[in-house]
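First residue of the sequence shown: 1185, per the working numbering; consecutive thereafter. By construction, the Cβ of each residue, glycine as well, lies at the ideal position given by its N, Cα and C atoms. Worksheet for the structure shown next.
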Amino acid sequence: ADWLFIGEGPGAEEDARGEPFVGPAGQLLDAMLAAIDLRRGKNVYIANAVKCRPPGNRTPEAAEMATCAPYLQRQIALIRPRLIVLLGRAAAHSVLGETGSLASLRGKPFAYRGTDSAGAGIPVVVSYHPAYLLRTMSDKAKAWEDLCRARALLRAAKSDEPAEPPSL
């Protein structure tokens, strides 16, 4: 998949179905993807920073994210995305190790460091979690800016690749 979207962790519906972003936040994410001609399963993979639902649906703690980090790192190595979009502060903290506010991380250039050479240097965009956007509609325009920036980064990365040699 070219695109990898990473959220924080499963909610009740996601935990029951074993699939990320299937509730109202997932419906909003699907609409956001459709707005830039993407859809899950078609060049888009969706994962979470933590793999188990935190009690009371609270934000995952640092220790929980650290416990799940090897699984997420392996997912990234297997998927080999060309771009990673981190949805929410917990995902940004987990993947980038950045502890700033989401507002301070949005719009900044990041690259995934990876655990070895696998995946190192993948461009990363930090944006709002769809569940937050459902509560704070005024930030939807900022999330749209983030998606457009992500699309531009991916297009630039693709144009830097050497063209395929003609087949004989």
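With distances taken Cα to Cα, identify the nearest neighbour of Gly1202 among Lys1235, Arg1258, Ser1288, Asn1227. Lys1235
Kindly give me the distance between the Cβ atoms of Leu1156 and Pro1314, rounded to whole angstroms, as I take these residues to be in contact under 8 Å. Since the first and last residues shown for the chain are 1185 and 1352, residue 1156 lies out of range.
Output yes or no for whether 7 Å exceeds the beta carbon distance between Leu1286 and Arg1273. yes
Am I right that Trp1187 and Val1269 are in contact with their C-beta atoms under 8 Å? What's the rounded C-beta distance? 7 Å
To which residues of the same chain is Ala1295 closer than 8 Å at the C-beta, ignoring the five residues directly before and after it? Here Ala1295 has Ala1304, Gly1305, Ile1306, Pro1307, Val1308 as same chain residues with Cβ atoms under 8 Å from its own Cβ, once five neighbours each way along the sequence are excluded.
For Met1249, the nearest candidate out of Ser1311, Gly1193, Pro1204, Ala1218 (CA to CA): Looking only at Ser1311, Gly1193, Pro1204, Ala1218, the smallest Cα-Cα distance to Met1249 is reached by Gly1193.
DSSP on Ile1263, reduced to helix/strand/coil? helix
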